[in-house]
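Position 603 of the sequence shown, counted from 1, bears residue number 981 in my numbering, the numbering being contiguous throughout.
Down below is the structure, laid out as structure tokens.
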Amino acid sequence: MRVASVTAGESPLASSKFGLSVVAMGVVFGDIGTSPLYALRACFSNVAGVNVTEPAVLGVLSLIFWSLTLVISVKYIGIILRADNNGEGGVLALTTRVLSERPLRYAPVIATVGLIGCALFYGDGVITPAVTVLSAVEGISVATPAFQDAVLPLAVIALVWLFTLQRRGTGAIGGLFGPMMLLWFLVLALLGVRSIAEHPVVLEAVNPVHAFLFFVRHSTVAFAVFGLVFLTVTGGEALYTDLGHFGRQPIATAWFSVVWPCLLLNYFGQGALLLSSPQAVANPFYLLAPEWSRVPLVVLATAASIVASQAVISGVFSITQQCQRLGYIPRVQVRHSSPTAIGQVYVPAVNWLVCIATVGLALGFGSSASLTNAYGVGVSCTMLIDSVLILVLLWGAKERSARLQFAVLCVLLALDSAFVLSNLGKVPTGGWFPILFGLTVFGLMRTWQRGRLIVTEKMRREERPVAQLLEALEQDPPLRAPGVAVFPTSNTTNIPRTLVRNLNMNGVLHEHTILFSLVTDRVPRVSDGGRVKVQALGHGLYRVVARAGFMEFPEVPRLLRMAQQWLPFRTDDAVYFLGRDDIVIGSPRGMQRWRKKLFIFLARNSEYAAASFAIPPSQVMEVGGQVEI
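Below is the structure:
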């Protein structure tokens, strides 16, 4: 499996390996890095029947230690981050790689599983900012109880500011927040070491026997606690999704040298505090700090929680771009926020939709304690899907390292399954939200896919074979207009309906006519060498087939300029004939009526094709029609 390596953006820090790892902390590790704010507290406060005793504390700490070790260090850093798709990560990029390397008979099942994982990740992108920012701002009530009523308004202000900041781009945000997150992790370690020094007995929790004994002593509630332990590893999928921004090596370096040790020290420090002061379970993170430092710590934690949200939001943007290029969602505006790193994007529509949903969650649940009951259900399913897809990818591999990875993942699959089952207990208390949100997104994707397929089939009935058109041109030559006309089409074999309609209605054919097709490959990027192919059809007709990866922004005029070395004319002033069809409900077959209405709504509100492909508006000619579905 190839190791990815991608430029991180404009930040000066990215010029060195260490600097790139610091920038990665500002984008990749925010989610998992702020789990100490709420994870250990939830393990003891959200489940009745678990008292703060030494065996219970050591048992929970042991579960946390081994979860971080096995899920993040072994599974994600050690195995999954190596399974990139030409540099890109995330469940959708992994799905496209599996589809390209495995037998087609399994394609429908693999594609469905991948889309479910993708949809559930959107749910994580909504809930993560709400729970992390709320948990951070709640520290103000610990430092100054008089400000209890200000927690929710301050959290909403912080969330709105976070989403406003997104237009600056991932690289700029990483350069801004990377050093701050480095400070955050060092503070986590310092707080933990101070407490561990007073009760070093907590270090015994590295022994997995304590985890086993916890399940024996608390057999009735241990599984529920295990679902809350999962809160310590929820950033794993975001870490994989953001792989394309930085590559595996900077992420691994940051994890093993800074993030992992600092997280463990803080969790163990909180555990040591609970041994001496069981009442500190109300908020062990903030009570771990000296009283004089709690207000500055609230400020630092709030900033860190904003960074935590950034990890998931960046992943949501990346997933959205991939979904659009692969045809799973309608066209939306995608802005490239970095001139040097093509994987860094900003999607305004998605940004503000996620913002509205996140603020709504914060207001609806009101506290991080309530939100932790909803957090983890969706992302645990996505992480299980990651494991399943990697196992499919590794199945039958002959390399020794691949067989070893396959064996390790088979063992870890049981751990992933246990996390999913333990999180299902949260469904009645809020866990229904990420499931409902994910299923809604999945339904939208499926509706768009199905409707697009029906419309494409209807349109292709009006297309004509090339030989038939050439014969007609020979027998009854039309008037020839000067200049170049470009007819974009998804069909790489026939004559598009836009050209057929224009010829039938106007009786005119341009002197030079290009049938342009853009094919999206199941790789993030395509090399320029095999990007464009040109075929002369006769009578001034040419077919240009361009290829692009699912992470690329295909500029049609630029692709045509690349084809000019095989064309006897220039395309700078070409006129682009685009179909602008009105979709209406016709036959009751194909889809349910409500899904047809939904598809029509999505189609009418999708971004105009010319804008999606960087075609100048002044060079566009629309050919309208009506299509029944």
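Here a beta-carbon is modelled for each residue, glycine too, at the ideal position from N, C-alpha and C.
- In this structure, Gly517 keeps its C-beta atom at 8 Å or more from the C-beta atom of Leu666.
- By the Cβ neighbour-count rule, Trp633 is buried, with 16 or more other Cβ atoms within 10 Å of its own.
- Under the DSSP assignment, Met969 falls outside any beta strand (DSSP E); it carries neither an H nor an E label.
- Excluding five sequence positions before and after Gly649, the CB atoms of its chain that fall closer than 6 Å to its own CB belong to Val435, Leu439 and Val580, given in chain order.
- Of Thr698, Val607 and Ala461, the smallest CA-CA separation from Leu493 is found for Thr698.
- Counted as a single uninterrupted DSSP element, the stretch harbouring Ala524 is not any beta strand (DSSP E), since DSSP gives it neither H nor E.
- The Cβ atoms of Ala461 and Leu477 lie no closer than 8 Å to each other.
- Checking the DSSP bridge columns, you'll see Met999 partnered with Phe955.
- Around the beta carbon of Leu741, fewer than 16 other beta carbons lie within 10 angstroms, which makes this residue exposed.
- Under the three-state reduction of DSSP, Gln711 is assigned to coil, being neither helix nor strand.
- By the CB criterion at 8 Å, Ile763 and Leu787 fall outside the cutoff.
- Of the residues Cys421, Tyr920 and Ala926, the one whose Cα lies closest to the Cα of Phe947 is Tyr920.
- Inter-residue distance for Ile505 and Pro557 is about 25 Å (C-alpha atoms, whole angstroms).
- Nearest to Pro586 by alpha-carbon distance, out of Asp959, Trp444, Ala497 and Tyr454, is Trp444.
- One Cα belongs to Leu537, the other to Asn424, and the distance between them is close to 25 Å.
- Residue pairing of Lys911 in beta bridges, as defined by DSSP: Val923.
- In the displayed model, Arg900 falls within coil according to three-state DSSP, outside both helix and strand.
- For Pro843, no alpha helix (DSSP H) encloses it, and the DSSP letter there is neither H nor E.
- Annotated three-state conformation of His888 is strand, per DSSP.
- The beta carbon of Ile574 lies closer than 8 Å to those of Val580, Leu581, Leu643, Phe646, Gly647 and Ala650 in the same chain, with the five residues before and after it left out.
- Gln1004 has Asp960 as its beta-bridge partners, per DSSP.
- Cβ-Cβ separation between Val487 and Gly614: approximately 24 Å, too far for a contact (criterion under 8 Å).
- Phe894 is bridged by DSSP to Pro866 and Val922.
- When the beta-carbon positions are compared, Ala602 and Gly803 come within less than 8 Å of each other.
- The alpha-carbon separation between Val529 and Ser519 amounts to approximately 7 Å.
- In the structure shown, the three-state DSSP call for Ala583 is helix.
- Per the coordinates, the alpha-carbon of Arg925 lies some 11 Å from the alpha-carbon of Val934.
- Tyr706 has its alpha-carbon roughly 16 Å from the corresponding atom of Phe931.
- Three or more beta-carbon pairs separated by less than 8 Å link the stretch 822 to 830 to the stretch 975 to 990, which places the two stretches in contact.
- Beta-bridge partners of Ala859 (DSSP): His888.
- Val789 sits exposed, since fewer than 16 C-beta atoms from the chains shown fall within 10 Å of its C-beta.
- Distance from the CA atom of Met940 to the CA atom of Phe894, rounded to whole angstroms, is 13 Å.
- By the Cβ neighbour-count rule, Val725 is buried, with 16 or more other Cβ atoms within 10 Å of its own.
- Around Glu1000, the same chain offers Leu956 and Arg958 as residues with beta carbons nearer than 6 Å, after the five sequence neighbours per side are excluded.
- Between the alpha carbons of Tyr954 and Ile961 lies a distance of about 21 Å.
- For Ala489, same chain residues with a beta-carbon under 7 Å away, outside a window of 5 residues either side, are Thr473 and Leu477 in chain order.
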